[in-house]
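Student:
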Amino acid sequence: MSSLSRELVFLILQFLEEEKFKESVHKLEQESGFFFNMKYFEEKVHAGEWDEVEKYLSGFTKVDDNRYSMKIFFEIRKQKYLEALDKQDKAKAVEILVSDLKVFSTFNEDLYKEITQLLTLTNFRENEQLSKYGDTKTARSIMLIELKKLIEANPLFREKLVFPTLRSSRLRTLINQSLNWQHQLCKNPRANPDIKTLFTDHTCTPPNGAVAPAPVNLPPGAIAKPAAFTALGAHGPFPPAAAAAANANALAGWMANAAASSSVQAAVVTASSLPVPPNQVSILKRPLTPPATLGMLDYQNADHEQLMKRLRPAQSVEEVTYPTVRQQVSWSLEDLPRTVAFTLPQGSSVTSMDFHPSHHTYLLVGSSNGEITLWEVATREKLVSKAFKIWDMQACTLTFQASASKDAPFSVSRVAWSPDGTFVGVAFSKHLVHLYGTIGTNDLRQHLEMDAHAGSVNDLAFAYPNKQLCVVTCGDDKLIKVWDITGRKLFNFEGHEAPVYSICPHQKENIQFIFSTAIDGKIKAWLYDNMGSRVDYDAPGHWCTTMLYSADGTRLFSCGTGKEGDSFLVEWNESEGAIKRTYSGFRKKSAGVVQFDTTQNHFLAVGEDSQIKFWDMDSTNILTTTDADGGLPSLPRLRFNKEGNLLAVTTADNGIKILGNAAGLRSLRTAEAPPFEALRSPIEAAAIKQGSGSSVPNVTPINCKVERSSPIRPSPILNGADTVPRSMEKPRILEDISDKAKPWQLTEILDQAQCRMVTMPESSDSSNKVARLLYTNSGVGILALGSNGIQKLWKWARNEQNPSGKATANVVPQYWQPNSGLLMTNDVSGVNLEEAVPCIALSKNDSYVMSAAGGKVSLFNMMTFKVMTTFMPPPPASTFLAFHPQDNNIIAIGMEDSTIHIYNVRVDEVKSKLKGHQRRITGLAFSTNLNILVSSGADAQLCLWSIDSWDKRKTVPIQLPAGKTPSGDTRVQFHADQVRLLVCHETQLAIYDASKMERIRQWVPQDALSAPITYAAYSCNSQLVFASFSDGNVGVFDADTLRLRCRIAPSAYLSQAALTGSQAVYPLVVAAHPQESSQFAIGLTDGTVKVIEPLESEGKWGVSPPVDNGVLNGRAASSSTANNHVADQVQR
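Numbered per my numbering, the sequence shown finishes at 1132, counting up by one with no gaps.
Next comes the structure, spelled out in structure tokens:
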């Protein structure tokens, strides 16, 4: 159903309500599923009309849609059951138990048994949990409070709980307007037309003589552009010109409910002039021609998807879980980062800051002198400092060349990380935008320079229209522009009448859009098309305003200052396009524009009056303030890191104060004092030989920096030397390398006292190797699949020792089983377990685990351990499993016969069969950014497949050492940026640019880590790679360079008996914690599972080795072993 048709339903609902058709109103609410009338629902619950309650709910959700829906139905049926028991109507209670409550026994059999046992009690209040049950009226009221919370939290009810704000009798008004138009278009309009029917168009009967047209009194809001509107037909779609515009209504009501200041940009079609009062008409503007650029339009109708979801016959694997009430998160002032840790000496006035999206202590800073700086806040190190310079003056416009020659300096307007951390964008006060690539987290490489706007570029942001990373900019030239990463301009948005001050790209469901604000206080919104702005509103203060969404994207805020100095912080009601909440606490006047930020989906912070002021999002009154121990400017700039535990704020003396809460302060580890060698000159220190092995004499550490054309496509480096000629920057001066020239020593963990480690209870079984290992996505448990096909689960409890309830090496977890005592046992009938290849995959919400061990694939419920279904019986056997990232009902299954089956669980059907490998499949990895599936096999081949068509795009062999046959398991895993790919084989670790499938890094076993590699995995933030070896060693590598930073010897985690036993014990699998970047788990050949973390005093696994164009402090980066020749760069 189109958006306009949806709005028509609301108009009909209003009409029925006004005409007192009560039953029809609620029937249409239920059948359309567009508006959930909470008042009506409450009335029916209070009245105990349970059949009507469930019937009404069925229009919006089914019992198995998701855990909220299941809990809603469960609470209603439980209350109905208790009321029957309270009336001593045992027959009715049994009927409810069998017909209504039986469905929940699948998900919690013990609970169902307990409910059944209530039948045996004379008074169910004898049950301890029900002892406080009062009378029926009170019980219904208590239940209703719970139901309202569940409904409000249920995503299926999102934006369906508030009826749109409409003027009374809106449908009558529109019909009246239509009749007026028809009367105006009459060939012989009469002074007093007689309207007798709405079934046909109105025409006046021709009179005997000509009569002058009578004035027609249109109601307020008459629309003066009928040709631009398409009939609201129920049997056909909108024509192309209107289709995209109709979808724009998904902009949460902003597009359809413009404020009184909205202007009508429409022409009168007929020759007769109709009285249209200015500034009273609010319409969604639609041109008469289709947009010029259709390539970026990929919007679907969200309402249609919701309708299909409600009507589907089968349950969704991902969404059906046992009902649990979402706990209300408690907040306190201690969650706010208010304690000053230290001050970073920036040295110039800070104009913009942004924390890295995943490396939460990396802070990007832009300054008024045009300099950009990258700080590692944890060690207080300046990793990168780039003074302003024009990269290519000749490529810039003549206007800019003339502007650049003037005395006014270039200042940074905005710095921003791309969402995946692979790019840095910098906007300047004159024309320019610079993009840097970040192939390494401690360096920035020039990627693109754009002469973007005439005058200042005031703001910059990254967005993903149509799954394509783009840069959005705005400037003094009153324009908003959208560019792809190559610098090609995709859109040019015109419409502001003043310089554009800020931009806020966002996505609601499947509609992507941009909010923009100008210095005249106008707010506009744009879709990625060429059809003009959809919104024209006034911001409070009518001057400079910035808009931000909460981290979860559900709440919109704006903050700014008026010309008179009054500041405003407000929350917007997106469904109405109106201000929902105005926060108080500002002083009378400000000399400039206040800055703000949001964090943890709960707090707002503003820099004003030389203080940081905090608000709870749900309260208009100020929560607390801090002056950060003094020294702040009158209007400090501030920025939270993505976790919300650190806050950077500018100081009056050109510094940056770092504030933290308890968790943030723990993450800030002061760098250790350097050893004696660090007191040498930078050149001497850089040449010191590190570790064992040969060194390269007379190598200067001052190297020219190589500029790469792309951050994800550097050419391979042969034996530490770049063979491709490139454009060069001037050599770095000593100050640039002094931080990187500190002596480095490999960290080696040799004893259990040097790390934290916990062994899973009841995991040791020498006859059952750990074949696969996973953390739950919530980070509270570990799941291990043994070579015997049995899965074990361990969970950490939330208590005083472990308040977060997350997996930790500080606390021994519980070996978890349901009360039934069931084990998650795979089908192994007729399977030779010695030859079987176990495989496992976990759903995103941790509700289901799918696994196999040579037999059929089993789908287990993670709460009951029951097998929900089995599929794909051998032969061939399944060898690798992966859930589709966008649809958990679609599973990619690698097979023993080298094929890959794309299987739909819901309809029990193989949708596609992919053929490209020669031996069994050993790895599968999806990239939503690149829209590909990468597969790896025991044939040492990598294949790329299109997710859309499942066509094979490319096959790439991994490069094996000379004489090595193409065999052995090859694993693949995508980096957080969804572009770089980690490839693990027993002979190597490698990083590939998956967009081209070109290898950009490689490491081969050598020196202390010379045994074959058994497994490797990225840390949760993709900054580290954990690799296990068949001699028991574990290596921790820098993920960007594949340089070894820490070695964990088997003596650090194995007992003396295991070390000296006849059977070698070593890790077969490694798993990384989904939130703690330094925590990993290993599964061993003796069946044990261990969680390992660095000491709390250390906080991390060693330090990253210094990198200087392939040379490690004077030591060549190539392998030290003479027979280890590879075609690409070999890293240590």
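Using N, Cα and C, we set each Cβ at its ideal position, and we do this for glycine too.
#1: Looking at the unbroken alpha helix (DSSP H) that takes in Thr1060, where does it start and where does it end?
#2: Could you please give me the residues that DSSP links to Tyr362 through a beta bridge?
#3: With a 10 Å radius around its C-beta and 16 neighbouring C-beta atoms as the bar for buried, classify Lys563 as buried or exposed.
#4: Starting from the N-terminal side, write out each stretch of the alpha helix (DSSP H) that is 4 residues or longer and does not extend beyond the stretch 133–197.
#5: Span of the alpha helix (DSSP H) holding Arg431?
#6: Output the distance between the C-alpha atoms of Ala454 and Val500, rounded to the nearest integer angstrom.
#7: What separation, rounded to the nearest whole angstrom, lies between the Cα atoms of Trp744 and Asn66?
#8: Note down the Cα distance separating Pro237 from Glu7, rounded to an integer number of angstroms.
#9: Specify, as a first and last residue, the run of the alpha helix (DSSP H) that Glu449 falls within.
#10: In three-state DSSP terms, what is Ile519?
#11: Expressed to the nearest angstrom, what Euclidean distance is found between the alpha-carbon atoms of Gly821 and Ala578?
#12: Tell me where the beta strand (DSSP E) around Thr339 begins and ends.
#13: Here's the rule: buried if 16 or more other CB atoms are within 10 angstroms of the residue's CB, otherwise exposed. What is Ala378?
#14: Pick out whichever of Lys915, Ala882, Asp897 has its Cα sitting closest to the Cα of Phe905.
#15: How many angstroms separate the CA atom of Val162 from the CA atom of Ile947?
#16: Tell me which same chain residues have a C-beta within less than 6 Å of the C-beta of Thr205, skipping the five on either side of it?
#17: Phe428 and Ser413 look like a contact to me (Cβ under 8 Å); what is the Cβ gap, rounded to whole Å?
#18: Tell me whether the beta-carbon of Pro357 lies closer than 7 Å to the beta-carbon of Leu659.
#19: Tell me whether Thr116 sits in a helix, a strand or coil according to DSSP, three-state version.
#20: Helix or strand or just coil, what does DSSP make of Pro1074?
#21: Beta carbon of Met353: closer than 6 Å to some heavy atom of the ligand FAD?
#22: Between the Cα of Lys642 and those of Phe493, Lys78, Ala416, spot the shortest distance and give me the residue it belongs to.
#23: Between Gly607 and Leu638, which are expected to be in contact by the criterion C-beta below 8 Å, what is the C-beta distance as a whole number of angstroms?
#24: With respect to the beta strand (DSSP E) encompassing Asp354, which residues constitute its N-terminal and C-terminal limits?
#25: Tell me whether Tyr56 sits in a helix, a strand or coil according to DSSP, three-state version.
#26: Could you give the distance in angstroms between the alpha-carbon of Gly655 and the alpha-carbon of Val350?
#27: Given this structure, state the Cα-to-Cα distance separating Met850 from Glu835, to the nearest angstrom.
#28: Quick one: Cα of Glu909 to Cα of Pro873, how far?
#29: Between the alpha carbons of Pro838 and Ile790, how many angstroms are there, rounded?
#30: Less than 6 Å between C-beta atoms, sequence neighbours within five positions excluded: which residues of the same chain meet that for Thr599?
#31: Going by beta carbon distance, what residues of the same chain come within less than 6 Å of Gln30, once the five residues before and after it are set aside?
#32: Buried or exposed for Arg666, going by 16 or more other Cβ atoms inside 10 Å?
#33: Pull up the DSSP beta-bridge partners for Glu909, would you.
#34: Please classify Lys522: is it buried, with 16 or more other beta-carbons within 10 angstroms of its beta-carbon, or exposed?
#35: With distance defined between alpha-carbon atoms, name the residue in Leu130, Tyr68, Asp86, Ile142 nearest to Phe157.
#36: Less than 6 Å between C-beta atoms, sequence neighbours within five positions excluded: which residues of the same chain meet that for His506?
Tutor: Taking the geometry as given:
#1: 1056–1060
#2: Glu376
#3: exposed
#4: 136–153, 170–184
#5: The displayed chain sequence assigns His, not Arg, to residue 431. Where His431 is concerned, there is no enclosing alpha helix (DSSP H), given that its DSSP letter is neither H nor E.
#6: 12 Å
#7: 52 Å
#8: Residue placement at Pro237 is flagged as unreliable, the pLDDT there being 34, under the threshold of 50; the coordinate-derived value follows with that caveat. About 15 Å.
#9: Counting along the chain, Glu449 falls outside any alpha helix (DSSP H), though it belongs to the beta strand (DSSP E) covering 445–451.
#10: coil
#11: 55 Å
#12: 339–344
#13: buried
#14: It is Val, not Phe, that sits at residue 905 in the sequence shown. With distances taken between Cα atoms, Val905 lies closest to Ala882.
#15: 38 Å
#16: none
#17: 6 Å
#18: no
#19: helix
#20: coil
#21: The ligand content of the structure shown is nil, which means the ligand FAD is not present either.
#22: Ala416
#23: 5 Å
#24: 350–355
#25: helix
#26: 8 Å
#27: 20 Å
#28: 13 Å
#29: 10 Å
#30: Phe640, Gly644
#31: Tyr56, Gly59
#32: exposed
#33: Asn904
#34: buried
#35: Tyr68
#36: Tyr549
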